[in-house]
Amino acid sequence: MMDIKSLTLAELQAEMEKIGEKKFRAGQIYSWLHEKLAEDFDEMSNLSKNLRERLRAEYELVSLELLEVQTSKQDGTSKFLFRLFDGNVIESVLMRYHYGNSVCVSSQAGCRMGCRFCASTLGGLSRNLRASEILDQVYQIQKWSKERVHSVVVMGSGEPLDNYDALLRFIELLTAEGGLHISQRNVTVSTCGIVPMMYRLADEELQITLALSLHAPSQEKRLQLMPIAKRYELPEVLDACRYYFEKTGRRVTFEYSLVGGVNDAPEDARALASLLGDMNCHINLIPVNPVAERGLAGPERGIVLNFKEILEKSGKHVTIRREMGRDIDGACGQLRRRYLEK
Ligand code: SAH
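Structural data, given as structure tokens:
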């Protein structure tokens with residue numbers, strides 16, 4: 000059966016014509032699914048009982064099941080554990096900022112990229128998420144919080160560019176009129192650097208922000224932390240970032256997770272500054288969330304501040320990621336990991 004929540008309005012219109020229904024029904028159904036966030040055909044009160052039964056027979060309408068919510072006492076960040084229809088489990092995060100609520104979604108159940116400091120990858124990739132399953136993380140959280148979601152970051156478990164078609168469909172549904180209609184500018188996609196897919200994304204000419212997980216100032220060091228660097232080397236990845244900026248005019252964000260004693264030395268900061276040269280970009284430093292299984296930990300505060308200062312002196316725009324939700328297994332894949340272990 001076709002997954003009705005993954006269909007665009009145009010596709011839904013074509014479907015209605017196919018089953019001999021009036022085209023305008025598609026708009027009504029779309030609004031129930033993506034604006035009113037209905038979870039059952041029976042909620043669609045402006046459709047006849049007949050049509051609702053027809054829809055139930057022809058299409059699949061599935062929602063995520065909320066298993067667990069943990070809310071940080073430190074900063075109000077909430078972490079959600081959801082069960083998918085097939086029993087897989089994923090996690091999402093709600094962060095509250097002064098400008099609005101931001102939701103961090105997973106794009107895959109598990110991940111196959113193998114980054115050394117990341118908990119999402121410890122059990123490998125279970126499967127890709129459908130567009131509707133990425134979307135429903137936002138919908139469920141908006142309903143739970145009873146507050147509008149302002150922005151979405153695809154920075155949860157999984158590598159979004161390893162699930163490209165579902166990712167693009169998700170972005171279209173999330174930002175389209177007639178749904179939540181979130182501005183493309185408020186959507187960020189983070190990648191470990193799958194070069195051909197970065198070019199493809201640039202060519203879509205969307206207004207979303209691309210974030211690259213850089214994490215090291217040299218190919219050699221990057222390879223120690225990220226196996227993907229073997230396939231796509233640093234100079235190629237940076238070329239793809241430059242291309243993204245040229246094509247879209249959107250400044251790229253570089254994420255740099257600081258791992259104590261590995262990539263946090265003053266020389267690393269200087270090498271990073273010269274690597275990025277005069278590129279128009281933004282650097283986001285993330286003191287690594289300790290992952291016990293990996294035996295890695297973040298540097299002390301003073302080292303982080305010093306790292307930032309070196310970059311700033313060379314004219315870079317730098318922020319330190321607020322370490323939200325540390326008390327609630329905040330880092331990628333940690334809550335899911337705890338759950339699977341039980
Ligand atoms: N696969 C994508 C998106 C998911 S990870 C990517 O690699 O970008 C989102 C970000 O969190 C990435 O920059 C990732 O490297 C980082 N990350 C993963 N585990 C972390 C940890 N334990 N501490 C800090 N950052 C982590």
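Once you know that position 259 of the sequence shown is 258 in numbering that gives the first Met the number 0, the rest is easy, because the numbers rise by one and skip nothing. Glycine residues also receive a C-beta, built at the ideal position from the N, C-alpha and C atoms. Small disclaimer: the values here were computed from a predicted structure and weren't measured.
According to DSSP, K78 shares a beta bridge with Q69, V92. The alpha-carbon separation between Y163 and R129 amounts to approximately 10 Å. A direct Cα-Cα distance of roughly 15 Å separates L224 from I193. S144 is the residue among S144, M15, A296 whose C-alpha sits nearest the C-alpha of N100. Below 8 Å, too few C-beta pairs join the segment 266 to 275 and the segment 100 to 119 to call them touching: fewer than three. Straight through space, the alpha carbons of L209 and Q183 are spaced by roughly 11 Å. As a beta-bridge residue in DSSP terms, F253 pairs with L211, I282. Comparing alpha carbon positions, the residue from D85, Q141, L233, K307 closest to E219 is L233. Residue pairing from DSSP places Y58 in a beta bridge opposite M1. Of all C-beta pairs linking the segment 34 to 54 to the segment 65 to 75, fewer than three are shorter than 8 Å, placing the two stretches out of contact. In the DSSP annotation of this structure, the continuous segment of the alpha helix (DSSP H) that includes R337 starts and ends at 333 to 340. Ranking K142, C117, V92, N87 by CA distance to the CA of N127 puts N87 first. Where I133 is concerned, the enclosing alpha helix (DSSP H) starts and stops at 130 to 144. Of the candidates K142, L173, E146, L173 places its Cα closest to the Cα of V152. Short of 6 Å from the beta carbon of A108, and not among the five residues preceding or following it, lie these beta carbons of its own chain, in chain order: N87, I89, S125, R126. In this structure, I133 keeps its C-beta atom at 7 Å or more from the C-beta atom of C191. The alpha-carbon separation between T247 and L205 amounts to approximately 7 Å. Between the ligand SAH and C117, a heavy atom-to-CB distance of less than 6 Å is present. Where L124 is concerned, the enclosing beta strand (DSSP E) starts and stops at 124 to 127. DSSP places N305 in the uninterrupted alpha helix (DSSP H) bounded by 300 to 312. Runs of the alpha helix (DSSP H) spanning 4 or more residues and lying entirely within the segment 11 to 41 occur at 23 to 33, in chain order. Per DSSP, the continuous alpha helix (DSSP H) segment holding V194 begins and ends at 194 to 202. For C191, the three-state secondary structure derived from DSSP is coil. Between the C-alpha atoms of I18 and A37 there is a straight-line separation of about 22 Å.
Bounds of the beta strand (DSSP E) holding C103 are 99 to 103.
With a cutoff of 7 Å on beta-carbon distance, I302 and D263 are scored as near each other.
At least one heavy atom of the ligand SAH falls within 6 Å of the beta-carbon of T190.
Per DSSP, A108 is one residue of the beta strand (DSSP E) stretching across 107 to 109. Distance from the CA atom of I3 to the CA atom of L11, rounded to whole angstroms, is 8 Å. A direct Cα-Cα distance of roughly 16 Å separates A13 from M0. The beta carbon of G122 sits closer than 8 Å to those of G109, R336, L339, all from its chain and outside the five residues before and after it, given in chain order. Within 6 Å of the C-beta of E292 there is not a single heavy atom belonging to the ligand SAH. In the DSSP assignment, S150 falls within the beta strand (DSSP E) that extends over 148 to 153.
The closest heavy atom of the ligand SAH lies 6 Å or more from the beta carbon of S125. Residue pairing by DSSP places E64 opposite R82 in a beta bridge.
Rounded to whole angstroms, the separation of the alpha carbons of R24 and V290 is 49 Å.
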